[in-house]
Structures are given as C-alpha cells and as structure tokens.
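Here's the structure, in structure tokens; my notes come after.
Residue numbers (the working numbering): 84 to 726.
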C-alpha cells in the first residue's frame, strides 16, 4: 500500500494548521533514549516530504512496554482523539502506539473521530480503504516478533546457564569477582561458615527468622551485597535459607512471567516442573544437601498453619486485588507514628489489625484492633450521630441560599468575561490569518497564530466547564438521615461496597493508645471526621453545607472493665448512705468489684482526673502488652507528618 503523497484531504477542526500527534516510545531503560528524538526527527522529515507546511506537531514520548494498556501516554492519546484535538497521528510503526489487537482498535478509534493515522514503517494509512487488513497484519506481525524474541532470549539464557553462566547477585558469604562469567569463578568466604553453622543450629532448634537476624546483627555479620537495609531483618534470613545455593545447587526457571491480557502487565507464576534447570556447584555449599532438605521440610511444616487454606486446590485470594480490604482495613492510621494499621494476625490473633511501624520495630504502639468488634463499634457511633443530626433552621438555609446565589453570580460574571475574551481571540486569529494571506507565512506569524489558537482552545474548554445548569438548593435533614441510615444498613458490613461507602464518608481514622492512670488496662481510641455532604440532594458541595454536615467523632475501640463502667453508680449510691454490700447487691456485682470501683474513684480524685483513661504519649514502663520498645531492633522512627 502506498501512503498518500499529500494531506490535502485533512482539514483542521480548529481552522488553522494540521494538528499532528507524534507517538514515540522505547521499551526499557536499556534502550538509547536518543531514539525518542530520532523518532521525532523521522516524523518532521515525513511531514516535510509530504508537503504539510502548516502543521503543529505535539509529541508524546514514553518509556515502557507496548503491551501495557494502562500507560499514561496511551490514555492521553486516546483522550486527545476523543476530544477532537488531533487531525493526524504519526508513528514509526503501530507497535510504538500499542501492541496486539489493541493497535487495530486504536486505528478504529481514530476512524470514528475523523482522525487520520499513519504508521510509516508498517505502510499503514487509515485514509486508504483497505487499511483494516494492513493494521491486523501489522498487529499480528509485531506480536509474532515479540513472541519469537522472547523464546530466543529464554533459549539463550538457558543454554548459558547450562554452561555455568547467567550469574546472579551473590548471597551472603559468596563473592563474585569483577568480570566473572562462570560459576567456577565464584568463591565462598571461610569466615561465613560459622554464621551458617549458627543459623542452621538455631533454626533446627525452632528459632524464628527474626531471632536469627538479631543474632547476626549482634555478632557483626556483614550485610549481603546489594542490600538497601542497614541492619539484618527476618526477611533477609528467609531469602538466604530458601536459596538452594547454600547447599551447592544453582536453580533456574522456578518462576516465569505471565502476561495479564487485561492490562498488559506481567506477573510471576510458578513454572512447569519440566522447565526447572539445576546445576551443581559443590564448591559453594555451606551445608550438606541432605541436611538442607530436612531443614526446608521442617520449616515448611512449621509454617504450614500460617498459610492460606486452599479450597479444592484453589487459592481463595486468586484474582483479588491485594489492596481491596474489608473495612476498616486500610483505613486506620496510628496516632503515634503515622503508619497504617494492617491485617497481620497481631499478637497471634486472626482478624486483628496492627500498626505497620510496630511490626517493623519502628513504633511502640503494639495494641491491635479487632476487625469485627471495631467495625460494629464504629458503625454504631456513626448511626447514632446520624440520628442526632438536627434540622436545618431557617437562618442557616437562608445563609446557604445566599452563598449559592453569590457563587452563581461569580460564575456568571466569569462566563461573561470568557465570552468577551473568546470574541477578542477570534478577532486576533482572523487578523493574523489575513496578514498571512497578504504577506505570506513567516516564523513569527506562525508562532503568533499557534499561540492564539492554543489560548482560544483553552478558553473554549473553560467555557464548557462554566456553562452548567443553575443548581436548585434543596436541603432536608430528615432525608439526609434516611439516606445515610439506608445506605449503611442495607449493605453487608463485610462487603466491598460497604467499604467504598465508608471511605467516601470518612477520609481516615486515627487511633491513639489509651490506658488507665495506673496502666493496668490499655485500649485504642479512634478519632475521625464524618462527612455527610454526599447524602444532600443538592448543595452538598457548598462550604457551609459541608461544614454543617461534618461531625468529629471519638470512639473507644475497647470495652471498659466493670470497675470503670460502674464507678459513677457506685460513688453515687455510696454518697446516698448505702453500705458497700447493699451497693453491690443493687448493681448485681460482687462486693470486691464495688470496692475496686470505689478505689478507682479515690485514685482519680488524688490525681485530679475526670476520666480514668489518659492518652499515652510515651511507652509505659510497667505494661505487659506494650513492650515493642524493649526489643533490641527497636528504633522509634515516626513518619514526617504524624496525624
């Protein structure tokens, strides 16, 4: 197919020069970045050779795989075409835009919006009638080339591995000399053998990876090569132990990458057993192979109870995004260090959330949040606050109406200004166009015309955003209460839809550790802002409405013990002259419980407290629950901005 020699059939929607979108892409950081400029030079030369004198070239340059369908540059190109901002799309080949059948679909998008697409090396031009067969063939050819290249690379690497090559970054205790190409050139350090002996001894005696990491740190073990962390951690020990190289065995193809067709991204999956390649390197072994096999079997059996429970051999989390958690998961933040609470089975309990900083020994707040109990407590407090929402009084409604009128007048004034500006720009464009017709094209006139057209397009876009119907302000507190109650009670509290709703109402929940003044009982207090503006039928975006429908809520995520809950009642009954035994009988508690409540009240009066619970700003010294700060690896490291 011969590409047309001119672009006379293309007419700019803006009435000026042809708006050209050039798409340039390289795949990886290993490719020469100058190639992007080379592609741009190719497009400019092509436009010059085909007589496109009046044009405005906009380049989209990117680095990434052409198989990725979620690239920002690809989304931007589609958006420009859909908004009729492009007259011609230029690419070196169709694969520079996007690979697979999506390249053909991109061509169809251009056709739907009267945008011409030319892929130079593919000899593809959507102005020709038979462009569809050419685009399908080009997409097939690029996909076939990709597959052949991947097979060739995999075959080459497998062959080099069999010959002793393809050396990876060495692990702890093994040195890779500069320029080494063969595994026979690798050597192990004798000083590392005692560390491995101690590692094996500890693990065989049921020590955890964290305990081994602490021992390595305390005994000055040097960190492995290419490690970013500055101290030993359990994950580092785990990676070393599960690397069969310490038993004198190099392996390859345990994992392989698989494309997710929906996004074009790749994920790591287990390779087929027949693809596994093994190479013996006994001179690098720190442990006998049989002993290593027994150790791995012991560790797998020990950790099996912490793994997921498969159903008919299927992973229950298969296909679910890792970040889609049940509420309040991924919504609670630590008030001490600022980090998020995560599902971790904190303190050995399933269904508990724990501060990520405490897990990493960077925060002393080791208290956990029970998922179900905290969800019920938070929801109960929110519904109670919704039921107490007062009606809008006449003065407030009048103020809101006045604010809406003021905003509407400002918008109308801005609309008039934009219309006047657009008329002036139209006149200036006409003047410049007439000057070009009279005196001919010059660089200064071309630049002036481009600048005016760009400014005019911006003003037109702002006009479209401003020309919206006048909103009718209707606020009914009863309706807001009904909608909020219905939305929160109609959804299952464990569902993802409920989690999405709660994230709209609450931006974040911050929890603070609280304790009795004697630190005998500890718990977490949650604080958050509840935004009910989304339930307003109209006017919910007005500042006054948002302020009126915003509530600051404090919820205790723990149950107060009996002596705290009944303290005031015990004190009141004792003040009325009732004996201790009679007080206990009246409240249905033991005499000892009544005594403890009275003692608690006396301690509060001595300290001048109205509430027996106080905020903990430093780790308590006599608590058996908060002891993270006593760990040798503990280093308090709050985030720069703590809520």
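Ideal Cβ positions, reconstructed from N, Cα and C, are used throughout, including at glycine.
Between the C-alpha atoms of residue i and residue j, what's the straight-line distance to the nearest angstrom?
| i | j | result |
| --- | --- | --- |
| residue 125 | residue 206 | 14 Å |
| residue 123 | residue 107 | 7 Å |
| residue 538 | residue 531 | 11 Å |
| residue 423 | residue 365 | 45 Å |
| residue 439 | residue 452 | 12 Å |
| residue 614 | residue 722 | 26 Å |
| residue 600 | residue 682 | 13 Å |
| residue 577 | residue 433 | 16 Å |
| residue 689 | residue 471 | 36 Å |
| residue 360 | residue 313 | 34 Å |
| residue 444 | residue 302 | 19 Å |
| residue 353 | residue 339 | 6 Å |
| residue 104 | residue 534 | 17 Å |
| residue 275 | residue 147 | 41 Å |
| residue 457 | residue 385 | 31 Å |
| residue 323 | residue 238 | 28 Å |
| residue 157 | residue 175 | 15 Å |
| residue 162 | residue 145 | 16 Å |
| residue 285 | residue 719 | 28 Å |
| residue 244 | residue 335 | 8 Å |
| residue 556 | residue 412 | Caution applies to residue 556, whose pLDDT of 49 falls short of 50 and renders its modelled position unreliable; the value that the coordinates give is listed next. Each residue's Cα considered, the two are about 36 Å apart. |
| residue 460 | residue 173 | 59 Å |
First and last residue of the beta strand (DSSP E) that includes residue i?
| i | result |
| --- | --- |
| residue 228 | From DSSP, residue 228 is part of no beta strand (DSSP E) but of the alpha helix (DSSP H) over 214 to 245. |
| residue 423 | Counting along the chain, residue 423 falls outside any beta strand (DSSP E), and DSSP gives it neither H nor E. |
| residue 597 | 592 to 599 |
| residue 191 | From DSSP, residue 191 is part of no beta strand (DSSP E) but of the alpha helix (DSSP H) over 184 to 195. |
| residue 165 | Taken as a continuous stretch (DSSP letters only), residue 165 belongs to no beta strand (DSSP E), being part of the alpha helix (DSSP H) at 155 to 165. |
| residue 672 | Residue 672 -> no beta strand (DSSP E), and no H or E assigned at all. |
| residue 340 | 338 to 342 |
| residue 254 | First-last for residue 254: undefined, no H or E at that position. |
| residue 636 | 633 to 639 |
| residue 145 | 138 to 146 |
Less than 8 Å between CB atoms is the rule here; does residue i satisfy it with respect to chain C?
| i | result |
| --- | --- |
| residue 671 | Reference to chain C is not applicable here, since this structure consists of a single protein chain. |
Taking 8 Å as the cut-off, decide whether the C-beta atoms of residue i and residue j are in contact.
| i | j | result |
| --- | --- | --- |
| residue 251 | residue 170 | no |
| residue 295 | residue 320 | yes |
| residue 410 | residue 581 | yes |
| residue 795 | residue 127 | What is shown of the chain runs 84 to 726, which leaves residue 795 out entirely. |
| residue 715 | residue 289 | no |
| residue 703 | residue 606 | no |
| residue 528 | residue 518 | yes |
| residue 300 | residue 315 | yes |
| residue 450 | residue 596 | yes |
| residue 680 | residue 697 | no |
| residue 746 | residue 133 | Because the chain here runs from 84 to 726, residue 746 falls outside it and cannot be looked at. |
Excluding the five sequence neighbours on either side, which residues of its own chain have a C-beta within less than 6 Å of the C-beta of residue i, listed in chain order?
| i | result |
| --- | --- |
| residue 419 | 446, 448 |
| residue 266 | 247, 364 |
| residue 325 | none |
| residue 634 | 468, 613 |
| residue 98 | none |
Might you give, ordered along the chain, the residues of its own chain that have their beta carbon closer than 7 Å to the beta carbon of residue i, omitting 5 neighbours on each side?
| i | result |
| --- | --- |
| residue 331 | 363, 364, 365, 367, 368, 372 |
| residue 442 | 427 |
| residue 184 | 222 |
| residue 656 | 666, 669 |
| residue 575 | 581 |
| residue 479 | A caution first: residue 479 carries a pLDDT of 48, below 50, which makes its placement in the model unreliable, though a value can still be read off. Only 631 meet the Cβ criterion. |
| residue 649 | 670, 672, 680 |
Leaving out the 5 sequence neighbours to the left and right, which residues in its chain are closer than 8 Å to residue i when beta-carbon positions are compared?
| i | result |
| --- | --- |
| residue 370 | 279, 283, 329, 330, 378 |
| residue 667 | 673, 674, 676, 677 |
Can you tell me where the alpha helix (DSSP H) holding residue i begins and where it ends?
| i | result |
| --- | --- |
| residue 708 | Looking at the DSSP string, residue 708 is not in any alpha helix (DSSP H), and its letter there is neither H nor E. |
| residue 262 | Residue 262 -> no alpha helix (DSSP H), and no H or E assigned at all. |
| residue 653 | 650 to 658 |
| residue 461 | 454 to 470 |
| residue 611 | No alpha helix (DSSP H) contains residue 611, which is instead part of the beta strand (DSSP E) from 605 to 614. |
| residue 105 | Looking at the DSSP string, residue 105 is not in any alpha helix (DSSP H); the run it does join, the beta strand (DSSP E), is 101 to 109. |
| residue 319 | 317 to 324 |
| residue 295 | 292 to 301 |
| residue 692 | Where residue 692 is concerned, there is no enclosing alpha helix (DSSP H), given that its DSSP letter is neither H nor E. |
| residue 441 | 439 to 442 |
For a test of your reading of the model: does the CB of residue i fall under 7 Å from any non-hydrogen atom of the ligand GDP? Yes or no.
| i | result |
| --- | --- |
| residue 415 | This structure does not include the ligand GDP; it has no bound ligands of any sort. |
Worksheet entry | Cβ contact check for the segment 457 to 467 and the segment 638 to 647: 3 or more pairs under 8 Å | Touching, yes, given that three or more Cβ pairs across the two stretches are closer than 8 Å.
Worksheet item: Does the segment 223 to 233 come close enough to the segment 188 to 195 that 3 or more CB-CB pairs lie under 8 Å?
Response: With fewer than three CB-CB distances shorter than 8 Å, the segment 188 to 195 does not count as touching the segment 223 to 233.
Fill in: Meets three-Cβ-pair contact criterion under 8 Å: the segment 338 to 357 and the segment 142 to 152
These segments touch.
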